[in-house]
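Visitor: Under the numbering used here, think of the first position of the sequence shown as 1413, with each following residue one higher.
Sharing a structure here in structure tokens format.
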Amino acid sequence: MYADLLVSLPSIFILSIIVGLIIYLVGWIVAAKGEKTVGKVAPYACGEDLPPREFQVNVEEFLIYAVYFLIFDILAFTLATSLSTPGYFPAVYALIVLMAVVILAPLRRRG
């Protein structure tokens, strides 16, 4: 009876949360406490106080990486959920996706 309780999903989840909290608390207790000084939080600029530069995002390059991520994410999801289908359907889909990536590759080089 106790063996079934120990291997049930809720008890394993609660046990893993407790072990994680114990590890976190031990690390918090053992870790060295640092002091926040002005020098530690200031950016290094050879001793000069310069205003921070504004960060500009290249939206076109971000869009290309977002499309690549979306393509590979959908491919991974499709391949992971197609274990019960015959082997050629996922392979054909993977080839179609790889052809789309090859077609999109020149767009990345132009940017």
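By construction, the Cβ of each residue, glycine as well, lies at the ideal position given by its N, Cα and C atoms.
If you pair each beta-carbon of the stretch 1443 to 1453 with each one of the stretch 1462 to 1476, do three or more pairs fall below 8 Å?
Guide: Segments in contact, no.
Visitor: Sorted by chain position, which residues of the same chain lie with C-beta nearer than 8 Å to proline 1502's C-beta, five sequence neighbours on each side aside?
Guide: Same-chain partners within the cutoff: Thr1490, Leu1491 and Ser1494.
Visitor: Can you list, in chain order, the residues of its chain whose CB lies under 6 Å from that of isoleucine 1424, leaving out five sequence neighbours each side?
Guide: Cβ neighbours of isoleucine 1424 beyond the five flanking positions: none.
Visitor: Give the single residue among Thr1497, Ala1512, Val1453 and Ala1506 whose Cα lies nearest to the Cα of tyrosine 1480.
Guide: Residue Ala1512 is the option with its Cα nearest to tyrosine 1480.
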